[in-house]
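Note sheet for the following structure.
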Amino acid sequence: MTQTVRAIDQRIAHEVLDTMLWPGAQPPMLRAEFDSANKCHAHLAFMGFRLIEKRDHYGGPRMEDGQPVSPILLWLKERVLVRLKPRGEPATGKFRQGLAHLSVCLISGQTKDDGSLDTGFKAEVGKFSPTGHLLSASPKSATKGKHAWEKKGAAEEWSDNTHFLFANLVCDDRDVDRLIPGW
118 MTQTVRAIDQ RIAHEVLDTM LWPGAQPPML RAEFDSANKC HAHLAFMGFR
168 LIEKRDHYGG PRMEDGQPVS PILLWLKERV LVRLKPRGEP ATGKFRQGLA
218 HLSVCLISGQ TKDDGSLDTG FKAEVGKFSP TGHLLSASPK SATKGKHAWE
268 KKGAAEEWSD NTHFLFANLV CDDRDVDRLI PGW
């Protein structure tokens with residue numbers, strides 16, 4: 118498949134961003150009504166997205182109560198992939214450790230050796246910013262500043278612009294086990 122943004126992909130991404138993000142919030146964040154994985158799922162399913170993957174154990178060990186440190190859910194419509202990490206990145210993650218967040222990606226459409234759709238980071242053409250612009254998966258520049266503490270790495274700046282935090286930094290995921298991919 119082509120690596121460019123098709124009009125339909127752009128329209129789908131805009132619809133997600135326009136309905137789920139708090140207008141003008143800095144940093145970009147989800148509207149308060151999307152405070153759980155189930156509410157996100159219901160909204161995305163209504164928009165025609167299909168839950169294609171749910172991993173209960175996304176990186177890192179389990180907590181004392183047996184819950185996974187970082188579950189991850191993926192929804193797809195055309196080539197637009199919505200990725201939800203209700204407990205953020207695991208402790209080994211460089212950005213958004215423990216911060217619930219969602220991202221809207223454009224994937225290439227390539228398949229893995231087993232024939233399944235590749236939904237990994239390497240299959241991403243880029244992620245959409247809050248304004249709907251596709252930002253390349255490999256950022257090229259960093260924010261300049263006079264002092265070292267003012268400078269921000271390109272990857273960190275890209276991450277800040279393409280990952281949308283939950284309003285209170287927490288996503289209720291207690292019923293996520295009821296969500297079944299493909300339904």
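Per this note's numbering, numbering through the sequence shown is continuous, rising by one, with the last residue being 300.
The beta-carbon is built from N, C-alpha and C at its ideal position, and this holds for glycine as well.
Residue pairing for residue 194: DSSP places it in a beta bridge opposite 197.
Considering only 244, 272, 235, 275, the residue with the shortest C-alpha distance to residue 169 is 235. For the pair residue 233 and residue 166, the Cα-to-Cα distance works out to about 18 Å. In the same chain as residue 146, and ignoring 5 residues on each side of it, the C-beta atoms closer than 8 Å to its own belong to 138, 139, 281, 282, 283, 284, in chain order.
Nearest in C-alpha terms to residue 151, of all of 241, 141, 203, 250, is 203.
Less than 8 Å divides the Cβ of residue 144 from the Cβ of residue 277.
Straight through space, the alpha carbons of residue 251 and residue 194 are spaced by roughly 16 Å.
220 is the residue among 220, 297, 155 whose C-alpha sits nearest the C-alpha of residue 238. Nearest C-alpha to residue 215 among 126, 272, 287, 171: 287. In the structure shown, the three-state DSSP call for residue 253 is strand.
When only Cα atoms are considered, residue 279 and residue 127 end up about 15 Å apart. Residue 188 and residue 289 do not touch by the CB rule: their CB atoms are close to 12 Å apart, not below 8 Å. Residue 134 and residue 230 have their C-alpha atoms roughly 32 Å apart.
A direct Cα-to-Cα measurement between residue 292 and residue 298 gives close to 14 Å.
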